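At the far end of the sequence shown sits residue 302, using full-length UniProt numbering, and the numbering has no gaps. Think of the CB as a built atom: it goes at the ideal place given N, C-alpha and C, for glycine as much as any other residue. The model shown is predicted, which means the values in this text are computed figures rather than measured ones. This report concerns only the one structure given below.
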Amino acid sequence: MSIIEGEIWSATRGFNKDNIVDKGGCSTIYRGVLRDGQTVAVKVYKHSDHTGEEQFIAEYNSLKDLRHRNIVRIIEWCSESKLKALVFKFMDNGSLEKQLHELHGSNLPWTVRMNVVQGVANALSYLHEEAASTGPIIHRDIKPANIFLDQNMEAHLGDFGIATNLRLESSMHWESKLKGSIGYVAPEYGSDGTMTTAADVYSYGIVILETLTKIRPTSGTLKGISLRSWVESHLVEGRLEDVLDPVLRQDSTAERSIDAVARIGLVCSHPIAAARPRMGQVSAILRSTIPNLVCDSPACVS
């Protein structure tokens with residue numbers, strides 16, 4: 001349903017700075033209240049920025065026909081000459097990024113993290129294998145900041161501003177300018193621009209490892225090695241516990257499932273695209289938390 005600029009203005013109390021919950025390069029997200037009393041997130045794109053308008057169009061086109069419990073859903077939109085905005089259900093618990101790194105005292109238990117990892121896998125399986133009859137949808141920017149958590153800590157994948165339909169592109173080698181986020185970009189995309197669903201799988205694998213360790217892939221703590229290599233070396237040596245978030249170390253009942261999910265994170269983030277599993281496989285395996293994927297890394301051998 002479309003909405004006029006005046007309603008957006010009223011919902012956000014005149015785009016009040018106190019209502020800002022997040023800011024990006026091309027957009028600002030406000031907390032708002034619609035006339036029916038519903039609390040929403042209003043994503044306003046910079047009208048003076050051509051890239052902002054492009055992302056509005058891309059995100060609207062990507063999301064308008066998607067229906068999945070783990071993907072954000074557009075409630076309303078505004079496309080006027082001076083205002084481009086999308087309205088979503090408000091996510092009470094912010095992003096996974098904020099829960100892991102920004103909220104003081106936030107100690108996500110393993111059950112919540114496992115549910116988030118499963119939810120994102122389900123969303124990506126849907127995008128890659130079920131959503132579009134014309135071809136797979138590639139998100140291209142999977143990271144904790146784009147995974148939103150509702151009041152029940154259920155994961156919702158968002159920010160589809162650079163998402164694309166693979167089959168509608170004339171080639172898998174597109175732009176000279178890299179899109180995505182440093183630390184989460186697949187090696188093949190970073191080196192020559194090759195983009196397939198396997199690139200999303202790689203980013204997802206890095207998100208798993210970050211969720212387990214509470215360490216960003218760009219953290220100086222890693223001292224120049226990759227997050228994947230760091231986790232893999234400890235797992236091979238039987239010391240996975242040493243790299244886990246201390247909160248997870250305290251949960252002795254979750255040791256087996258944490259080990260399984262770590263192995264899945266490693267195979268998903270394999271440096272060779274062809275060695276990564278499909279997200280449908282990952283989603284199914286996570287449901288049983290059995291590390292039975294096959295790869296050539298010693299960390300993936302039970």
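CA-to-CA, the gap between Y184 and S191 works out to about 13 Å. Measuring C-alpha to C-alpha distances from N146 to each of G135, E129, E130 and L124 identifies L124 as the nearest. Where F88 is concerned, the enclosing beta strand (DSSP E) starts and stops at L83 to K89.
Per DSSP, the continuous alpha helix (DSSP H) segment holding R287 begins and ends at M279 to S288. Per DSSP, H50 lies in no beta strand (DSSP E); the unbroken alpha helix (DSSP H) holding it starts and ends at H50 to L63.
Secondary-structure assignment with DSSP links E80 through a beta bridge to L83. As computed with DSSP, N165 is found in a beta bridge with I137. According to DSSP, F15 shares a beta bridge with no other residue. Residue pairing of D22 in beta bridges, as defined by DSSP: I29. With a contact defined as Cβ atoms closer than 8 Å, I138 and D200 qualify at about 6 Å.
In the DSSP assignment, no residue is bridged to K214. Burial is judged here by how many other beta carbons sit within 10 angstroms of a residue's own beta carbon; P246 has fewer than 16 and is exposed. Here DSSP, grouped into helix, strand and coil, assigns V42 to strand.
DSSP places L149 in the uninterrupted beta strand (DSSP E) bounded by I147 to L149. Taken through DSSP and simplified to helix, strand or coil, A186 comes out as coil. Remark: three or more beta-carbon pairs, one from each stretch, lie closer than 8 Å, so the stretch 145-161 and the stretch 90-107 are flagged as touching. Here Y30 is actually not in contact with K84; their C-beta atoms are around 14 Å apart, not less than 8 Å. In the three-state DSSP reduction, I74 falls in the strand class (E or B). In this chain, H156 is not harboured by any alpha helix (DSSP H); it is covered by the beta strand (DSSP E) spanning A155 to L157. Here the stretch 202-215 lies against the stretch 100-115, with 3 or more beta-carbon pairs under 8 Å apart. Rounded to the nearest whole angstrom, the CA to CA distance from P187 to A198 is 11 Å.
K179 is a Cβ neighbour of R140, given a cutoff of 8 Å.
Collapsing the DSSP output to three states places S2 in a strand. With respect to G135, L166 sits close: the two C-beta atoms are nearer than 8 Å.
Apart from sequence neighbours up to five positions away, the residues of its chain that approach A131 with a beta-carbon distance below 7 Å are L66 and I137, ordered along the chain. Burial state of D36 is exposed, judged by a 10 Å Cβ sphere holding fewer than 16 other Cβ atoms.
Here S95 carries a strand assignment [DSSP, helix/strand/coil]. A direct Cα-Cα distance of roughly 13 Å separates S219 from V243.
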